[in-house]
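Numbering (the numbering used here), first residue to last: 409 to 723.
What follows is the structure, given as structure tokens:
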């Protein structure tokens, strides 16, 4: 089998005009260079170099062979350099998976500052609500929101914060229809729901209170939509009561466009966390994104929080 290292040895000897100079430049023993070039000539069946005590020169066969070899060696050197550059500073593409709501509410406000300070990094954000396989789908990291951080082989999980889905409604609706005082009142009110809330043909909310008591509440939504921002606008517009994530409703509650309903109750809190493969061999570009997210996302999560941390309920 041909050893491509022999091409490098041959090119080095020609570039440095001799075995001694090539040995100094490459830190490869002169005897090794001489032996490997001789073995290369033997395999080819031709003499590549004319040797004298003080110099070398290419034969006709050597000139032809060198022209091809030097192109191969330069391509290999360029390949090594391209990877070496990735290791020196944040540069290149970083692929991130993130649920749509988290992308809109948490990532969008902080990305411009990162991009401005890392001009050589390109971000590919796939906003999707499906659970991705980081390794198989070649994502560098993923933002997730789940009741618990599950174990995943070969992945690191870092907690960023906690968010809940809470019950909200517009002021006009509550003034005209009244306010529920216990969860079992909810079936008597207009509600908004998602297709994911439908079980066996009926809409259901799984609620939990501050004492950890769980309750399943059936309701009949007037509007069913998986677009949570559409639900938000519908709730502000007075259509009914919605169960929506904190980051979506925080601003409208603070602006007094919505108010909480049954504040003692909510859906189970979701842990927002960052997933990424083992940091061994991690590129600076990926590390820079992880470090930036670990600093700025917890702040954004807290700023868009409605529920006090002391009252968050985890499963």
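Every residue gets a Cβ at the ideal spot worked out from N, C-alpha and C, and that includes glycine. Bear in mind the structure is a predicted one, so any value in this text is a computation, not a measurement.
Asked, Found
"Segment contact flag, the segment 581-589 with the segment 604-621, C-beta cutoff 8 angstroms, min 3 pairs", "no"
"Neighbour-count burial assignment, residue 562, 16 or more Cβ in a 10 Å radius", "exposed"
"Touching by the beta-carbon criterion (3+ pairs, under 8 angstroms), the segment 664-672 and the segment 466-473", "no"
"Meets three-Cβ-pair contact criterion under 8 angstroms: the segment 537-555 and the segment 682-702", "yes"
"Cross-strand partners of residue 678 (DSSP beta bridge)", "571"
"Top-ranked residue by Cα proximity to residue 536, from 512, 451, 524 and 527", "512"
"Coil, strand or helix - residue 576 by DSSP", "strand"
"Residue 690 versus 501, 656 and 525, residue with shortest Cα-Cα distance", "501"
"Cβ neighbour criterion (16 or more within 10 Å) applied to residue 680", "buried"
"Sub-8 angstroms separation of residue 653 and residue 670 beta-carbons", "no"
"Simplified DSSP assignment, three categories, for residue 705", "helix"
"Unbroken beta strand (DSSP E) run spanning residue 615, endpoints", "610-617"
"Sequence-distant residues of the same chain with beta carbon closer than 6 angstroms to residue 414, five excluded per side", "444 and 448"
"Helix, strand or coil at residue 543 according to DSSP, with G and I counted as helix", "coil"
"Endpoints, the alpha helix (DSSP H) within which residue 434 is located", "427-434"
"Own chain residues within Cβ distance below 7 angstroms of residue 473, not counting five before or after", "456"
"For residue 647, the three-state DSSP class (helix, strand or coil)", "coil"
"Classification of residue 709 by the beta-carbon crowding that lies within 10 angstroms, buried from 16 upward", "buried"
"CB-CB length for residue 518 against residue 678, believed under 8 angstroms", "Rounded, the Cβ-Cβ distance is 20 angstroms, inconsistent with contact."
"8 angstroms Cβ cutoff met for residue 676 and residue 555", "yes"
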